[in-house]
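A quick write-up on the structure given underneath.
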Amino acid sequence: MENAYAQALMRMMSRGMNPKDAVAALHTLLVRLGRESLLPKIGRAFGRLAEREGGRTGITLTVARHKDTHAAQHAIKDILSKMKTDTDEVVVRTDDSLIGGWRLEGRERLIDASFKKYLLSLYNRATQS
Amino acid sequence: MHNSIVEKIIKEIEHFAPSRESEHVGRVTSVGDGVVAIDGLSGAVMSEIILFEEDKGKKLTDAMKDRGELYGLVLNLEEDGVRATILGDTSRVSEGMTVKSTGRILSVPSGDELLGRVVNALGEPIDGRGPFKKTTMMPVERQASGVIDRRSVSVPLQTGIKAIDSMIPIGRGQRELIIGDRSIGKTTVAIDTIINQRNEPEERRPICIYVAIGQKESKTARIVEQLRRERALEYTIVVDAPASAPAALQFLAPFSGVAIGEYFMDAGRDVLIVYDDLSKQAVAYRELSLLLRRPPGREAYPGDIFYLHSRLLERAARLSEAKGGGSITALPIIETQDGDVSAYIPTNVISITDGQIFLIAELFNKGVRPAIDVGISVSRVGSSAQTKAMKSVAGGLKLELAQFRELEAFMQFAQDLDKATADRIESGRRMVEVLKQKNGAPLPVEMQVAVLYAAGHKFFADVPANKVTAVEAQLVEYLDGQNAKILTEIRRSGTLSDDSKKGLEKVLEEFRLAHPESFTNKI
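In order, the protein sequences belong to chains A and B.
According to my numbering, the stretch in the first sequence is residues 1 to 129, in order.
According to my numbering, the stretch in the second sequence is residues 1001 to 1523, in order.
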């Protein structure tokens, strides 16, 4: 139930409604229905939804070492312009398991230009053939 | 490491260029009971294969130790994401895992290389005889052949079982249901049919596919061994989705089996496919549907349970000459509970198929095996595929047996019977004995014709009822050994000519004279 209310809230806001007004409207409705106690649960569900939405719209660049960031950001410039996104909006993370290269993930897209992926596919090709 | 491999690796590294290929991905939000909810993958299509990315965050050396790639199958397209089933070990999937779209619809390998092999529902070999080298990928879900591409059933598919070939004949391209309670010989009928195909000349012999769904591994192993022993495995493919396999694989197995069969059908070959059994597939599909939160209907089955079976069985067909003339004959098996054929799944499959062979526990317990109730068993299209020879000897058989069953019931109350009734009962009793057949001993069609001709001409009338089976076995041996010429002629022409009839009568008389001790009964 709380998920449905949270989704409705999200939809109201995505359609341009002021967040304060949306929450107030929801509160009024819940009071009228005698379901005010649902509010904290709806809040938590909304938090989960917002996090998921952020994961869906946000973009993460993963590099093997921090010092590779600049080169990676330069390499993804074209890709980001196609995605209509600025370099500033990209969250940068470090994962040394990548060995080298970079990995860009977000908006349901993944571009893996890491050395690990290359070496792994090379290993699989060599052992399977 | 071998020098050539090292050289290959060096060459590859020299030409290293990181891939910038964009992949369509989603993220696992929940996982449980073999079903995953995935956020994203908005471009995914139904029945698409997805790949779970297990090596994210793992060191290269750990990633290299992974046990092959883990795939899933998209089954629900929802507003915010998709729900998919895991085609493998569920414990390998975790929340937050990235899932990649492959753009591929589930397909299985098929080809001559699969003959004699045991594969799982994904077409991967599981018999320890190594991977396949050259196969063709066939889509698991495919639209059944249309009206224009089909032609009517006219070529017989011999089961080698007298009761079936004479009274419930099956044609190539037909769908004949085998239905009955547990442990009364349903699988035996199907396996005997597969074994009997060895009697067919190689160029006309159908490729056989046995799909085991939710069966015990021990049972499937026994069947494979029996097929090997009877030299039937060489033209058979076994698709195994045992009871221990995830529900998704049990639901997929029949579709994989028919996809493998379609490769041969498209190549103009005949195929016989046995689904053992579709009740268990329905249960697996129910489990999967409930986990996917699809609304339950009657007996908690989902609303599309009929479509599940109809789209599977519609893929059995006999193609027109323009399409190569191949065929798929389907023998689905349904297990009933306490003989209840009016349950949901049995009635569905009865209405889809072109006839059904009912096996009943009462006959089985009386020792009548195969325990086929010919009164309620039918074949809607098979009679047009029956050979003239068989038609000529089996014409009145069904009626005679039906009358016998009625009189037999009546006899329980009446003590004094007139001679005509007593004769009919005795004759029926002998016919029942003649139609009995041992497990794993299918008879070639010409032999069946000869035996039924003998039975129809009161050959067994003087044989005590309890000795009919033994005398019949002797007669079969006698016919096979010394009079093979008559049998060859019946097989070749497909008819019972006057010469053949005369020959048979002569042989029967000779047999009677040679074995007077067997003909001691006086009615």
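Every residue, glycine too, gets a C-beta built ideally from N, C-alpha and C.
- Per DSSP, which one or two residues make a beta bridge with Met1137 of chain B? B:Pro1109
- Give a yes or no on whether 8 Å exceeds the smallest Cβ distance from Glu1012 of chain B to chain A. yes
- Query: Mind checking Asp1354 of chain B: buried by the 16 CB within 10 Å criterion, or exposed?
  - Reply: Result: buried.
- Task: Jot down the residue ranges of each uninterrupted beta strand (DSSP E) in the region 1309–1337 of chain B, minimum 3 residues, whole runs only, in chain order.
- Result: 1327–1335
- Task: Identify which residue in A:Asn18, A:Met1 and A:Tyr118 has its Cα closest to the Cα of Ala1063 of chain B.
- Result: Of the listed residues, the one whose Cα sits closest to Ala1063 of chain B is A:Tyr118.
- Query: So is Val31 of chain A buried or exposed if we call it buried at 16+ other beta carbons inside 10 Å?
  - Reply: exposed
- Message: Would Gly1123 of chain B pass as an interface residue toward chain A - the criterion being a Cβ-Cβ separation below 8 Å?
- Response: no
- Near Lys1398 of chain B, what residues of its chain come up, given a Cβ to Cβ distance below 6 Å and the 5 sequence neighbours on each side ignored? Met1167 and Val1374
- Near Thr1098 of chain B, what residues of its chain come up, given a Cβ to Cβ distance below 7 Å and the 5 sequence neighbours on each side ignored? Val1025, Arg1027, Glu1053 and Lys1056
- Beta-carbon contacts of Asn1521 of chain B that lie in its chain and below 7 Å, excluding the five residues immediately before and after: Closer than 7 Å at Cβ, skipping near neighbours: Asp1462, Val1463 and Pro1464.
- C-beta contact flag for Gly1043 of chain B and Tyr1071 of chain B at 8 Å: no
- Query: Is it true that the region 1010–1018 of chain B meets the region 1075–1083 of chain B, where meeting means three or more beta-carbon pairs spaced less than 8 Å apart?
  - Reply: no
- CB contact flag (Tyr1263 of chain B, Met1138 of chain B, <8 Å): A contact, by the Cβ cut-off of 8 Å.
- Apart from the five residues on each side of it in sequence, which residues of its chain come closer than 7 Å, Cβ to Cβ, to Phe1344 of chain B? A quick correction: the sequence has Tyr, not Phe, at residue 1344 of chain B. Arg1298, Glu1299 and Tyr1301.
- Query: Distance, Cα to Cα, Glu1472 of chain B vs Phe1404 of chain B?
  - Reply: Those two C-alpha atoms are separated by around 20 Å.
- Quick one: which chain B residues come within Cβ less than 8 Å of Glu108 of chain A? His1024, Val1025, Gly1026, Gly1040, Leu1041, Ser1042 and Gly1043
- Query: So which of B:Ala1267, B:Phe1255 and B:Ile1273 has the shortest CA-CA distance to Gln1281 of chain B?
  - Reply: The option with the nearest alpha carbon to Gln1281 of chain B is B:Phe1255.
- Query: By a C-beta neighbour count over all protein chains shown, 10 Å radius and 16 as the cutoff for buried, is Ser1342 of chain B buried or exposed?
  - Reply: When all chains shown are included, Ser1342 of chain B counts as exposed.
- Quick one: using the 10 Å Cβ neighbour count with 16 as the cut-off for buried, is Pro1109 of chain B buried or exposed? buried
- Query: Under three-state DSSP, which class holds Phe46 of chain A?
  - Reply: Residue state, collapsed to three classes: helix.
- Would you mind listing the alpha helix (DSSP H) stretches within the region 1389–1472 of chain B that are 4+ residues and don't spill past its ends, in chain order? Taking only runs of at least 4 residues, the alpha helix (DSSP H) segments lying wholly in the region 1389–1472 of chain B are 1397–1411, 1419–1435 and 1445–1456.
- Message: Using 8 Å as the threshold, is the C-beta distance between Val1153 of chain B and Ala1385 of chain B below it?
- Response: yes
- DSSP puts Leu1177 of chain B in a beta bridge; with which residues? B:Gln1356
- Query: What residues in its chain sit with their C-beta under 8 Å from that of Ile1194 of chain B, if we drop five residues either side in the sequence?
  - Reply: Cys1208, Tyr1210, Leu1227, Ala1232, Thr1236, Leu1272 and Val1274
- Item | Own chain, CB closer than 8 Å to Glu1113 of chain B, minus 5 neighbours either side, in chain order | Phe1132, Lys1133, Lys1134 and Thr1135
- Task: Within its chain, find whatever has a CB closer than 7 Å to the CB of Ala126 of chain A; leave out the 5 residues flanking it on each side and keep chain order.
- Result: Cβ within range, chain order: n/a, list empty.
- Query: Does Lys1134 of chain B have its Cβ less than 8 Å from a Cβ in chain A?
  - Reply: no
- 8 Å Cβ cutoff, Ala126 of chain A in contact with chain B: yes
- Compile a chain-ordered list of the residues in the region 45–79 of chain A whose CB is closer than 8 Å to at least one CB of chain B. Going along the region 45–79 of chain A in chain order, one finds Arg52, Gly55, Arg56 and Ile79 with a Cβ nearer than 8 Å to chain B.
- Message: Using a Cβ distance threshold of 8 Å, determine whether the region 1157–1167 of chain B contacts the region 1303–1316 of chain B, with at least three qualifying pairs required.
- Response: Note that the region 1157–1167 of chain B does not touch the region 1303–1316 of chain B; fewer than 3 beta-carbon pairs, one per stretch, sit closer than 8 Å.
- Express the C-alpha separation of Ile1486 of chain B and Gln1448 of chain B in angstroms, rounding to a whole number. 13 Å
- Task: Could you tell me the distance, in whole angstroms, from the CA atom of Ile1523 of chain B to the CA atom of Asp1423 of chain B?
- Result: Low confidence applies here, because Ile1523 of chain B scores a pLDDT of 45, under 50, leaving its location unreliable and the question unanswered by this model.
- Based on the DSSP output, what are the partners of Ser1019 of chain B in its beta bridges? Bridge partners of Ser1019 of chain B: none, in fact.
- Message: Let's test the definition: count the other Cβ atoms within 10 Å of the Cβ of Met1265 of chain B and tell me whether it reaches 16, buried, or not, exposed.
- Response: buried
- Would you say Lys116 of chain A faces chain B, with C-beta separation under 8 Å as the test? Yes, Lys116 of chain A counts as interfacial toward chain B.
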